[in-house]
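Written out below as C-alpha cells is the structure these notes cover.
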Amino acid sequence: MIGDEDVNPSTILELIDDIQRLGLSYHFEEDIRRALNRIMFVQGTNVRLEKGVHATTLYFRLCRQHGFEKFKDHDGNFRQGLCEDVKGLLSLYEASHLAFDGENILDEAKVFTTKHLKGIKGNIDTTLMQQIKHALELPFHHRMLRLEARWYIQAYSERRDANHLLLELAKLDFNMVQSKLQRELQQMLRTREEGRGGEGSSPDFGVRRSSSSPSQVVELASRRSSPDLPSPPRPARLRLLLLLPRWWEDIGLTNKLSFARDRLMECFFWTVGMAFEPQFSSCRKGLTKVTALITTIDDVYDVYGSLDELELFTAAVERWDTNVVETLPDYMKLCFLALYNTVNEMAYDALKQHGVNIIPYLTRAWADLCKAFLVEAKWCFNKETPTFEAYLDNAWRSVSGAVILVHAYFLMTKTITKEALDSLQAYHSLLECSSIIFRLTNDLGTSKVCK
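Sequential numbering of the sequence shown, starting at 1, is according to full-length UniProt numbering.
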C-alpha cells in the first residue's frame, strides 16, 4: 500500500506514521523513502493533505517544503479554525519539535499547539485524547523508539480503524527484537546455571543485589512488556547461556571496585535507545562495554581517587602504554588494563574488518574524557566554583558524548573513509552542541539527587 500511487497522500503519510510508531520502519526504509519522494517531488506543491499537516512528523522535509505558513491568516496569525482539527494540531505540535535554529514559525507553532491541545475539552475520541496526553508529556522526537513502539502497539490496538495485519506484524516484530536484545544482554552477564537441572541461580543484573537470576528477570520482563506472544522456550535459552562469553564478570571491576556503580543492564538499555535494530548487535555490545567503563572510571574520579592518583591515571591513558601500570595503585591498575584491553580488542576487530588502525582515534577520545574528569576533580578538591562558561566548556567533554559517538561510528559503519577519519581529528560543532544538550539534560535529571 505504501507504493500505491492511486492512494491519497494523506493516507500514505498516516500509514508511514503508524509503521514508524509501531517500530517497523526499519523493515520498510526503501519503500518509505520512495513514497515520500514521490509525494514531494512528483506531485510537488499540488499535494493537498486533507487533515492539515497530519502525519508529516516522520518525514519533516515534506512539512518544510509545504511550510507552516499556510496555517496562518493574512495578519500572520494562526487561524483559529485550525483548532477544530485536533488531529492536525497534534501533528503540528509533534513537527514543531523538529525545528532548526532560527525557524521562528515552528517556535510559534509549538506555543500555539501546546496551548490549544492543553485546552481541549468536549467529546474527543478516547484514543486520540490518550495520544494527546502522551505527546504533551514528552513529544515523539524525544522518546526512546522501543518504548514508544510498546506503548503505541497498545494504543493502536484500541483504534477502530486499526490495520490488524499491521498490528500483528508489530507484535511479532516487537517480541522477536526483544528476544534478540535479551540474548545480547545475557551474553554480557555471567550465569551460574551449570550443574543445575532447573532454574539455576545467577548473580543479579546490576544496581541492587537481587535473589533473581538473569533468566528469571528477563522472563518476568517478557511477561510484563511483550504484547501477547510467548517468550522463547526456557531450555533453549539456558543451553545458549552456557556457551556465551561473560565479559562483565571476567574483567572483574564489579567485584574488585566496590565503590563503583554496577550498571551493566542500564548501559545496555541505553544502547537500545541509540540503535535497537537487530543488525546493530555489535554496536550495542560494544557501546555497552564503553558506557560501563565510562561509568566505572567516572566513579574513580568522582568518588575514590586522590588527586595525585587521578593525575597518574590521566597520564597513563594519555600515554596508552602498559609500562606505566606499575606507577598506579592496585585498583587503578585493574581499571586501566580493563580499559586498555577492551579498547584494543575493538581496534583489533576493526583492523581485521576494515584494514584501518583506529587506536589513535579511540585513545584520543578517552584521553580527552579523562582530562575533563580531572578538571572537575580539581575543582572539587580545591573547592573551586567555576564560571558557567568554564564549566560548560569542560562539561560537554566530560559528559562522554564524544567517546560514545567515536566508538559508535567505528562499530556501525560498513566502510571507514578517509574523510570520516579526517573529521575525527577535531570536535565539530555538531558534536559539541549535542553533547551540551546531553550534559544539561543529565544535570537537570540528577541535580536533586546530588543535593
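Ideal Cβ positions, reconstructed from N, Cα and C, are used throughout, including at glycine. This one's a predicted model, so the numbers in the text were calculated from it and none came from an experiment.
Burial state of Ser400 (16 or more Cβ within 10 Å): buried
Given a threshold of 16 other Cβ atoms within 10 Å of its Cβ, counted over all protein chains shown, does Asn123 qualify as buried or as exposed? exposed
Residues in the same chain with beta-carbon distance under 6 Å from Val343, minus the five sequence neighbours each way, listed in chain order, please. Leu362
Starting from Asp31 and walking both ways along the alpha helix (DSSP H), at which residues does that stretch end? 29 to 37
Based on Cα-Cα distance, which residue from Trp151, Thr127, Gly305 lies nearest to Leu138? Trp151
Going straight from the alpha carbon of Leu312 to that of Thr413, what length do you get? 34 Å
Straight-line gap, Arg261 to Asp299 (C-alpha atoms, nearest Å): 7 Å
Which residue marks the beginning of the alpha helix (DSSP H) containing Asn116, and which one marks its end? Note that residue 116 is His in the sequence shown, not Asn. Segment 104 to 118, the alpha helix (DSSP H) holding His116.
Classification of Arg263 by the beta-carbon crowding that lies within 10 angstroms, buried from 16 upward: buried
For the segment 318 to 338 against the segment 251 to 258, do three or more pairs of beta-carbon atoms, one drawn from each stretch, fall closer than 8 Å, so that the two count as touching? yes
Option in Ala135, Arg146, Val86, Ala99 with minimal Cα separation from Asp125: Val86
I believe Thr288 touches Met188 by the beta-carbon criterion, under 8 Å. Please report the beta-carbon distance rounded to the nearest angstrom. 6 Å
CB-CB under 6 Å to Ala367, same chain, minus the five flanking residues each way: which ones, in chain order? Val317, Glu318
Opening and closing residue of the alpha helix (DSSP H) in which residue 469 lies: This structure cannot settle anything about residue 469, because the visible part of the chain is limited to 1 through 451.
In chain order, each alpha helix (DSSP H) run of at least 4 residues that lies wholly inside the segment 381 to 442: 388 to 398, 401 to 412, 418 to 423
Since Leu13 contacts Ile2 with CB under 8 Å, what's their CB separation in whole angstroms? The pair is not a contact, with the Cβ atoms about 10 Å apart (cut-off 8 Å).
Do Thr5 and Arg38 have their C-beta atoms within less than 9 Å of each other? It should be noted that the sequence gives Glu, not Thr, for residue 5. Taking 9 Å as the Cβ cut-off, Glu5 and Arg38 qualify as a contacting pair.
Measure the C-alpha to C-alpha separation of Lys121 and Leu89 and round it to an integer number of angstroms. 14 Å
Since Asn344 is in the alpha helix (DSSP H), which residue starts that stretch and which ends it? 330 to 354
Would you mind reading off the limits of the alpha helix (DSSP H) that contains Thr314? 307 to 319
Could you tell me how far apart the beta carbons of Ala377 and Leu310 are, in whole angstroms, since I believe they sit closer than 8 Å? 5 Å
Can you check which of these residues, Ile105, Gln131, Asn104, Leu106, is closest to Leu117 by C-alpha distance? Gln131
Grouping DSSP H, G and I as helix and E and B as strand, with all else coil, what is Ile359? helix
Quick check: Ile436 and Cys370, are their CB atoms within less than 9 Å of each other? no
Leaving out the 5 sequence neighbours to the left and right, which residues in its chain are closer than 6 Å to Arg196 when beta-carbon positions are compared? Residue placement at Arg196 cannot be trusted, given a pLDDT of 36 that sits under 50; what the coordinates show is reported in the next sentence. Excluding residues within five positions, none has a Cβ falling inside 6 Å.
Tell me whether the segment 147 to 163 and the segment 100 to 112 touch, counting them as touching only if at least three CB pairs, one residue from each stretch, are closer than 8 Å. no
Once you ignore the five residues that flank His354 on each side, which residues in its own chain have a CB closer than 6 Å to its CB? Ile416
Met144 by DSSP, collapsed to three states: which one? coil
Which residue marks the beginning of the alpha helix (DSSP H) containing Arg21, and which one marks its end? 9 to 21
On the CB-based measure, 16 or more other CB atoms within 10 Å of its CB, does Tyr93 come out buried or exposed? buried
Please work out which residues of its chain come closer than 6 Å, Cβ to Cβ, to Ile251, disregarding the five sequence neighbours upstream and downstream, and give them in chain order. Ala338
Thinking C-alpha only, which one of Ser306, Ser25, Val403 is nearest Thr291? Val403
Report the rounded CA-to-CA distance for Trp320 versus Ile359, giving the unit in angstroms. 10 Å
From Leu136, Tyr156, Ala95, residue whose alpha carbon lies closest to that of Lys115: Leu136
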